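Participant: Residue 1317 in this note's numbering sits at position 928 of the sequence shown, and the numbers go up by one each step.
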Amino acid sequence: MAQIHSAVEGQNPLDREGLCVLSLDGGGVRGLSTLLIIKALMAKVNAERKRAGQPSVKPCELFDLIGGTSTGGIIAVMLGRLEMDIEDCIAAYTSMFETVFGKKGLPVNIWGKVKGRFDSDVLEECIRKILKERGLSEAEPFNDGKERCKVVVCAKAYELTTTVLLRSYDVDDALNNIPASICEAVRATSAATSFFDPVTIGPRGRKFVDGALGANNPVEQLWNEAQTIWCRDKEVELAALLKCFVSIGTGNPGRKAIADGSLKFFSETLVGIATQTEDIAKIFVERHRRLYESRRYFRFNVQQGLQDVGLEEYKAAALIDAATAEYMDGQEIKSAAQECAVNLKQKHFLVEFSSKDIMEWRSSQLRSTYDKPKATTFMPFLRNEGLINRDDIFKTLDRLITPQSRNRSAAIWGLGGCGKTQIALEYAYRCQDQNSCSIFWVHADSEARFTRDYSEIAKIAGLSADLKGEDLLRAVQQWIEQQTTWTLILDNADDLKIFKKAYTKSQDHSLQNPKLLQFVPKAQTGTVIWTSRDGGILGSIVDIQRGVEVGAMTDREAWDLFQRLCGRSHGNEPSGDEEKLLRLLEFLPLAIAQAAAYIRTRKVSAQQYLRLFNESKTGQLNLLSHEFQDVYRSEVPNSVMRTWHISMKQIAEECPCSERILNIIAFLDNKGLPFELLQAAVGPQFDEDEVLLAASRLMEYSFLQIQRGVDERLPTYEQHRLVQLAARRALTEMETHMLSGEALRIMEKLFPNGTHETWNLCRLYLPHALAAAAWRDTEEYKDKGPLLLGRIGWFYWEQGRSDEAEKLEVEVLDLRKEVLGPKHPDTITAIANLASTWRKQGRSGEAEKLEIEVLDLQKEVLGPKHPDTITAMANLASTWWQQGRSHEAEKLQVEVLDLRKEVLGLKHPNTILAIENLAEIQRQSTNRGQGARLGVTPSSSAFFSRRAHGKCSPSLASTPAHHNSAAASGSPEGANNSIATAVTVSASASKTQASSASMTISSPSSSVSPAPFSHCEDQPTTFNASTLTPLDASGSPISYPPRNPNLSKSSATRTGQVVPPTATPTSTTS
């Protein structure tokens, strides 16, 4: 049943009700190209209809008449008579031709007569199968008398060699109403000589062959047929009723025969037929020039790539697909296809109309042509039919700009390449769709381009050619304001200074010169949309509340864009590699477009692109610098790198502090950048307020974002990873070496010592410290790298992350050996640190070898009685105990105790620890009595030990070498509570005393020098039994005096030690 729509008052009924005709050439399997072109057109049409709030349509609902010859006739029957959608039609068509052309024979029989090389029965069986799938009988008539899209196919009368039309509808001439079934109509139009046998139709047995022999391009036949149907009274010409006439070919076959020898005659005949189709197309354009010039006739036919595809080569489907896609992607064809889609989008399906209504409307328009001003379109691009609809952004614009708004301006701002221009382009065309308003596009990136576009508008407006400079700008402004309704897009207004001078303290506010801003139209009938990378446009050019920030796409939007730009059909879900790629590109439209262009043109997969991207930093930068063609971007770079470098250059000229931040954080992690880190990056020459302002400026360019609000007054930032890559790409090789070294120095100063109270800061700075330490080519690395890596390693060690600590300690050791040599104290410390980690990991055999090496080196370099040498002995004893070698451990621990008594004195905490450790060894290896001989009865839970920040051995609680050497000597890295006292352990302690909360150690008279501290006297010293904290007579902990500032360097700070000079561990030795 036909749907009847009344024309909207004032609207051309031709737009809604005008005739639409589709003509399809013949061409064998190359008809797949025809279907792919129809698919592309229908996608554009339905995209336009969706934007206009209209439902999607199938070809049979859009075209009033569909006709074709041969393969074009088969497609016409499928789309029009069987009312198939394009996807179903492609699937059925492909399957049918694979079956039909799969087996073939010679085109002549043994008597030399022409016969079909392919089985006609197979073709007929394929048609029956399609009919059955559609719920139709095998004998389904081609003309069933129902009102629907009219379908006509061309065949050739076998007897008279004249072209005959088989119709799905009745005409006045009864003799031409041939009663064919759908099967017979398809057979008749496709019975090409040498391919299929002729088909017999009707009670009198009329024979028909392929219509291509007379009308391979049936454009003239369809024109005449449309005139017969709709212009019977001859009072009106078809051209006046025609909305759109679309002709589609099957590809230019060239002029080369596709066969030789005995088949050459047939081959050359078919080439001649194909060549004739293009000649007919040219003649048609000449006859109907006004139809062509008014963009109501469109011809699509692939010109390159199908020259060697024979009519029956069904295996060439991939080649046909690729050649058609390339053809439709050409700029000229893409523009024509878009114009065709815009023409077709307003068509209402199967509208009944009268030529009288259309002619009356045309007459009324002619009478009122000079009464109404025409809407003007001054746009650099056609509408982007493939635009990914970012609905939230358009809803925000609609909310900001309404017919009732007094302020009808807004700014679309965001990072370069985020899609601002495309959004503005679509918004302008939407405004024109809704209001029939004039739309103007002015490039606002420079004063020269602004003036140039205004000059072009002046020509359209018919303004005097004598106008120059500000007079021209003012005249164009006033002319735009006089339009009934209008929308002006000011694109890429990134340099705001050309529109409005900034206020400075040295200048009276009243003297500001607004510059180009004074020539921007201002009228309530118009809308002004700015696009800018500079968020500073808010509050300076437009109201601060009238901005729309454009950021990254959503996952789905990014995937849709990637599919479209790769030339794929929508509907598929992304693979794991494709999801990873989109995340890597951070869902930024320009980066996605750049990657998709590379993948499409290089014919690589997402997996291969990822491999190239991840091979090296240079590879990443090269891929992101790759230029590609984009018809919707003109006179601007298309690569991500070059796009952002323009903005970075502007920042450098405007704000040195912002430039400094951008350059330093390029060598740090891009997430979790605390304000204090930015402040350290710029140095003391900028105060806090200046750094906040510089960070804000980077945020206005979308080069920084607030990551999270914090309880404190200062924010934390983050940066797009690709922006960070771009910032590094903008640097010279010398600048890269210099700035990466500065980033390393900054992190070496900021990263804490790793003690428990600094863990929160360590976590905050850890990603940045690791990122800075990754730049090993800088000259600073061999000096500052070990210091920073050592602190990170200590932090890992403290947290029990020994595997990560080990990797850093190995690197520190290699650097120390390379720079300082194998016998330098810092190198020995690095060996000891690694041994400590291996012991903690349970790798006691490897730890033992290093500890023996450390002990030998300490004896050689420092001497056998140096505190560091004694500590090395204690560590080795600890390892032997861990290995179960208690006898050797005990023997070495006795030597440790004797040396500590001699060097440090009996009351020194490290001496006391040595006593306790020896007692524990003896208790566990022999019996409790041996421990009692020393006068110490440890608690039943464990022997007494002082854990240095938790870094003690699991068995003997020995301090690792990260801090033991310095501690034993009372150095700044050691304990501040170091004392030199002489003690003896009372042998009279009972079990009750041993299990109590404290123990007493008596000090005998001896020749050892008394301690230099007032509280150490020749009297019993009491210690807390669980912590070994020394107690005074009242039971309160004893506070040791600060370290001696006059300690020698050899016994104090080690350049490569993990503990910084400010660290004060509670204890340090085994």
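Glycine included, each C-beta is placed from N, C-alpha and C at the ideal position.
For clarity, every value in this text was computed on a predicted model and none was experimentally measured.
Which whole runs of the alpha helix (DSSP H) in the stretch 1218–1291 are 4 residues long or more, in chain order?
Facilitator: Listed in chain order, they are 1233–1250 and 1256–1271.
Participant: Once you ignore the five residues that flank Lys904 on each side, which residues in its own chain have a CB closer than 7 Å to its CB?
Facilitator: One-based indexing of the sequence shown puts residue 904 at position 515. The residues are Ile887, Phe888, Lys889 and Lys890.
Participant: Measure the alpha-carbon distance for Ile571 versus Pro444 and round it to whole angstroms.
Facilitator: Numbered from 1 along the sequence shown, position 182 holds the residue referred to as residue 571. Numbered from 1 along the sequence shown, position 55 holds the residue referred to as residue 444. Using only the alpha carbons, I get a separation of about 30 Å.
Participant: Here's a check: name, in chain order, each residue in its chain whose Cβ is nearer than 8 Å to the Cβ of Arg517, leaving out the five neighbours to either side.
Facilitator: Counting from one through the sequence shown, the residue named residue 517 turns up at place 128. Excluding residues within five positions, the ones whose Cβ falls inside 8 Å are Glu527 and Cys572.
Participant: Is Phe829 helix, strand or coil by DSSP?
Facilitator: Here residue 829 refers to the residue found at position 440 of the sequence shown. Here Phe829 sits in strand by DSSP.
Participant: Give the range of the alpha helix (DSSP H) segment to which Trp1164 is assigned.
Facilitator: Counted from its first residue, the sequence shown places residue 1164 at position 775. Per DSSP, Trp1164 belongs to no alpha helix (DSSP H) and is neither H nor E.
Participant: When you compare only the Cα positions, how much space is there between Phe531 and Asn565?
Facilitator: Here residue 531 is taken as the residue at index 142 of the sequence shown, counted from 1. Here residue 565 is taken as the residue at index 176 of the sequence shown, counted from 1. Spanning the two alpha carbons is a distance of roughly 14 Å.
Participant: Which word fits His832, buried or exposed, when buried means at least 16 other C-beta atoms lie within 10 angstroms of its C-beta?
Facilitator: Indexing the sequence shown from 1 puts residue 832 at position 443. Flag for His832 reads buried.
Participant: Just to confirm, is the Cβ distance from Thr1258 to Gly1252 under 8 Å?
Facilitator: To locate residue 1258, count along the sequence shown from 1; it is residue 869. To locate residue 1252, count along the sequence shown from 1; it is residue 863. Yes; because the gap between Cβ atoms is below 8 Å, this pair is in contact.
Participant: If contacts are defined as beta-carbon pairs under 8 Å, then Arg922 and Leu804 qualify, I think. What distance do you get, rounded to the angstrom?
Facilitator: Residue mapping note: residue 922 aligns to position 533 of the sequence shown, counting from 1. Residue mapping note: residue 804 aligns to position 415 of the sequence shown, counting from 1. Sure, about 7 Å apart at Cβ, within 8 Å.
Participant: By Cβ distance, which residues of its chain are closer than 8 Å to Val698, with the 5 residues on each side in sequence left out?
Facilitator: Sequence index remark: in the sequence shown, residue 698 carries index 309 (1-based). Once the five neighbours on either side are set aside, the close Cβ partners of Val698 are Val418, Arg419, Gly640, Pro642, Ala705, Leu708 and Ile709.
Participant: Could you tell me which whole beta strand (DSSP E) segments of length 3 or greater appear in the stretch 780–820?
Facilitator: Entirely contained in the stretch 780–820, the beta strand (DSSP E) runs reaching 3 residues are, in chain order, 798–803.
Participant: Just the C-alpha distance for Pro1361 and Leu1111, rounded to the nearest angstrom, thanks.
Facilitator: If you number the sequence shown from 1, residue 1361 lands on position 972. If you number the sequence shown from 1, residue 1111 lands on position 722. Here Pro1361 scores only 28 on pLDDT, less than 50, and its place in the model should not be relied on; the value that follows carries that caveat. Spanning the two alpha carbons is a distance of roughly 44 Å.
Participant: If the criterion is Cβ atoms closer than 8 Å, does the pair Pro448 and Leu425 meet it?
Facilitator: Translated into positions along the sequence shown, residue 448 becomes position 59. Translated into positions along the sequence shown, residue 425 becomes position 36. No, Cβ-Cβ distance for Pro448 and Leu425 is not below 8 Å.
Participant: Once the 5 residues before and after Leu900 are set aside, which same chain residues still bring their CB inside 8 Å of it?
Facilitator: Taking the sequence shown and counting its residues from 1, one reaches residue 900 at position 511. Only weak support is given to the placement of Leu900: the predicted model assigns it a pLDDT of 35, under 50, and the value that follows is read from those uncertain coordinates. If we look at Leu900 and ignore the five residues flanking it on each side, it has no Cβ neighbours.
Participant: Which residues in the same chain have their Cβ closer than 6 Å to the Cβ of Leu1484, if we skip the five residues on either side of it in sequence?
Facilitator: In the structure as shown, the chain starts at 390 and stops at 1459, and residue 1484 therefore has no counterpart that could be examined.
Participant: Can you check which of these residues, Ala854, His1213, Gln1313 and Val731, is closest to Arg440 by C-alpha distance?
Facilitator: By one-based count along the sequence shown, residue 440 stands at place 51. Of Ala854, His1213, Gln1313 and Val731, the residue nearest in Cα terms is Val731.
Participant: Since Lys1464 sits in a beta bridge, which residues does DSSP pair it with?
Facilitator: The requested residue 1464 does not occur in the structure, where the chain is confined to residues 390 to 1459.
Participant: What residues are listed by DSSP as bridge partners for Gly469?
Facilitator: For the purposes of this step, residue 469 is identified with residue 80 of the sequence shown, where counting begins at 1. Answer is none; Gly469 lacks a bridge partner.
Participant: Since Gln1108 and Asn1059 are thought to touch, with beta carbons under 8 Å apart, how far apart are those beta carbons, to the nearest angstrom?
Facilitator: On the sequence shown, residue 1108 is found 719 positions in, with the first residue counted as 1. On the sequence shown, residue 1059 is found 670 positions in, with the first residue counted as 1. With 8 Å as the limit, Gln1108 and Asn1059 qualify as a contact, their Cβ atoms being about 4 Å apart.
Participant: With distances taken between CB atoms, is the gap from Trp868 to Ser827 smaller than 8 Å?
Facilitator: Counted from its first residue, the sequence shown places residue 868 at position 479. Counted from its first residue, the sequence shown places residue 827 at position 438. Not in contact: Trp868 and Ser827 (Cβ atoms no closer than 8 Å).
Participant: Residues in the same chain with beta-carbon distance under 6 Å from Pro963, minus the five sequence neighbours each way, listed in chain order, please.
Facilitator: For this step, residue 963 is matched to residue 574 along the sequence shown. Result list for Pro963: Trp948, in chain order.
Participant: Note down, in chain order, each residue of its chain lying with its Cβ closer than 7 Å to the Cβ of Leu733, except the 5 sequence neighbours on either side.
Facilitator: Position 344 of the sequence shown, counting from 1, holds the residue named residue 733. So the list reads Cys409, Val434, Leu451 and Cys633, once near-sequence residues are dropped.
Participant: Quick one: what does DSSP say Gln1467 is sitting in, helix, strand or coil?
Facilitator: Residue coverage of the chain in this structure runs from 390 to 1459, which leaves residue 1467 outside it and unanswerable.
Participant: On the DSSP letters alone, give me the boundaries of the beta strand (DSSP E) that Tyr1185 sits inside.
Facilitator: Residue numbering aside, residue 1185 sits at position 796 when the sequence shown is read from its first letter. Segment Tyr1170 to Glu1187 is the alpha helix (DSSP H) holding Tyr1185; no beta strand (DSSP E) there.
Participant: Taking the beta strand (DSSP E) that Arg838 falls in, what are its first and last residues?
Facilitator: Taking the sequence shown and counting its residues from 1, one reaches residue 838 at position 449. Looking at the DSSP string, Arg838 is not in any beta strand (DSSP E); the run it does join, the alpha helix (DSSP H), is Glu836 to Ala850.
Participant: With a cut-off of 8 Å, does the C-beta of Gln735 fall near any C-beta of chain B?
Facilitator: Here there is only one protein chain, and chain B is not present.
Participant: Take Arg1117 and list the residues in its own chain whose beta-carbon comes closer than 6 Å to its own, dropping the five residues that flank it on each side.
Facilitator: Counted from its first residue, the sequence shown places residue 1117 at position 728. Here the set comprises Ala1055.
Participant: Just the Cα atoms here: how many angstroms apart are Leu376 and Val1071?
Facilitator: Given a span of 390 to 1459 for the chain in the structure shown, any question on residue 376 remains unanswerable.
Participant: Of the residues Glu1077, Gln1282 and Ser1314, which one's Cα is nearest the Cα of Arg1302?
Facilitator: Counted from its first residue, the sequence shown places residue 1302 at position 913. It is Leu, not Arg, that sits at residue 1302 in the sequence shown. For Leu1302, the nearest C-alpha among the options comes from Gln1282.
Participant: Can you find the residues in the same chain that come closer than 8 Å, C-beta to C-beta, to Lys761, ignoring five residues on each side of it along the sequence?
Facilitator: What you label residue 761 is simply residue 372 of the sequence shown in a count that begins at 1. Legend: pLDDT at Lys761 = 49, less than 50; position of this residue unreliable, value from coordinates given subsequently. Counting only Cβ-Cβ distances below 8 Å, and skipping sequence neighbours, we find nothing.
Participant: Within 10 angstroms of the Cβ of Arg621, are there 16 or more other Cβ atoms? Answer buried if so, exposed if not.
Facilitator: Translated into positions along the sequence shown, residue 621 becomes position 232. Arg621 comes out exposed.
Participant: For Ile981, which option in Ser853, Ala1119, Gly858 and Cys807 has the closest C-alpha, if you only look at C-alpha atoms?
Facilitator: Position 592 of the sequence shown, counted from the start, is the residue given in the question as residue 981. Looking at the Cα atoms, Cys807 is the closest of the given residues.
Participant: How is Asp1076 classed by DSSP in three states: helix, strand or coil?
Facilitator: Position 687 of the sequence shown, counted from the start, is the residue given in the question as residue 1076. In the structure shown, Asp1076 sits in coil (DSSP, three-state: anything other than H, G, I, E or B).
Participant: Buried or exposed, going by whether 16 or more other CB atoms sit within 10 Å of the CB of Arg945?
Facilitator: Residue mapping note: residue 945 aligns to position 556 of the sequence shown, counting from 1. Arg945 should be labelled exposed.
Participant: On the DSSP bridge assignment, give the partners of Trp919 in chain order.
Facilitator: Position 530 of the sequence shown holds residue 919. DSSP, once it has assigned bridges, lists Ala800 and Leu879 as partnering Trp919.
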